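Asks:
In the numbering used here, the protein residues as written are 1 to 148.
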């Protein structure tokens with residue numbers, strides 16, 4: 001269910017029904033589901049039940065964009081500028097739970113002198129859990145744990 005849940009959450013974000021993916025047990029997620037139900041003429045109960053879930057098929061969630069008009073993907077400028085400048089491994093992380101999990105994993109591996117993690121281009125609140133419902137994954141807690 002996790003992949004389907006992540007897909008539904010991303011869909012709600014894309015439709016501007018909610019501003020950020022939230023855990024399923026969060027009251028804001030229930031509010032986002034209720035807003036979605038209202039827009040689709042469904043019974044408004046804030047529950048991702050069978051009737052609401054039937055809307056979330058690949059055909060309904062997939063963006064309706066003609067493939068001939070898609071832009072050509074180009075490598076980012078900063079990645080090409082820093083490649084080869086150090087022996088460091090560089091991994092671009094864009095957005096979503098998988099990116100947040102990768103950030104948590106990267107920070108947790110920086111446990112020896114001379115081992116550094118550079119995270120650029122992100123604005124993250126210090127007390128925001130990168131993995132929902134896991135307070136150990138706030139930037140504050142992650143950095144506090146690694147500085148010991």
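A virtual CB, placed ideally from N, CA and C, is assigned to each residue, including glycine. Everything numeric in this text was worked out from a predicted model, so none of it was measured.
1. Using only the alpha-carbon positions, how far apart do residue 93 and residue 99 sit?
2. What's the gap between the Cα of residue 122 and the Cα of residue 103?
3. Roughly how many angstroms separate the alpha carbons of residue 145 and residue 91, rounded to a whole number?
4. Measuring CB to CB, does residue 120 end up less than 8 Å from residue 129?
5. Which of helix, strand or coil does DSSP assign to residue 120?
6. So what does DSSP say about residue 129, is it helix, strand or coil?
7. May I ask you to list the residues that DSSP assigns as paired with residue 138?
8. Return the CA-CA distance between residue 12 and residue 126, expressed in angstroms with no decimal places.
9. Does DSSP put residue 32 in a helix, in a strand, or in coil?
Replies: Checking against the coordinates, here is how it stands:
1. As a first step, residue 93 must be located in the chain shown, where it is residue number 93. As a first step, residue 99 must be located in the chain shown, where it is residue number 99. Annotation: residue 93 to residue 99 spans about 5 Å, alpha carbon to alpha carbon.
2. Here the question's residue 122 lines up with position 122 in the chain shown. Here the question's residue 103 lines up with position 103 in the chain shown. Taking the straight line joining both Cα atoms gives about 11 Å.
3. Start at 1 with the first residue of the chain shown, and residue 145 comes out as number 145. Start at 1 with the first residue of the chain shown, and residue 91 comes out as number 91. Near 23 Å, if we compare the C-alpha coordinates of residue 91 and residue 145.
4. As a working note, residue 120 is residue 120 in the chain shown. As a working note, residue 129 is residue 129 in the chain shown. Going by C-beta atoms, residue 120 is not nearer than 8 Å to residue 129.
5. Numbered from 1 along the chain shown, position 120 holds the residue referred to as residue 120. Assigned with DSSP and collapsed to three states, residue 120 falls in coil, not helix or strand.
6. The residue you call residue 129 lines up with position 129 of the chain shown. Residue 129 sits in a strand when the DSSP states are folded into three classes.
7. For the purposes of this step, residue 138 is taken as the residue at position 138 of the chain shown. According to DSSP, residue 138 shares a beta bridge with 129.
8. Counting from one through the chain shown, the residue named residue 12 turns up at place 12. Counting from one through the chain shown, the residue named residue 126 turns up at place 126. Here the alpha carbons of residue 126 and residue 12 stand approximately 25 Å from one another.
9. The sequence position of residue 32 within the chain shown is 32, counting from 1. Under the three-state reduction of DSSP output, residue 32 falls in the helix class.
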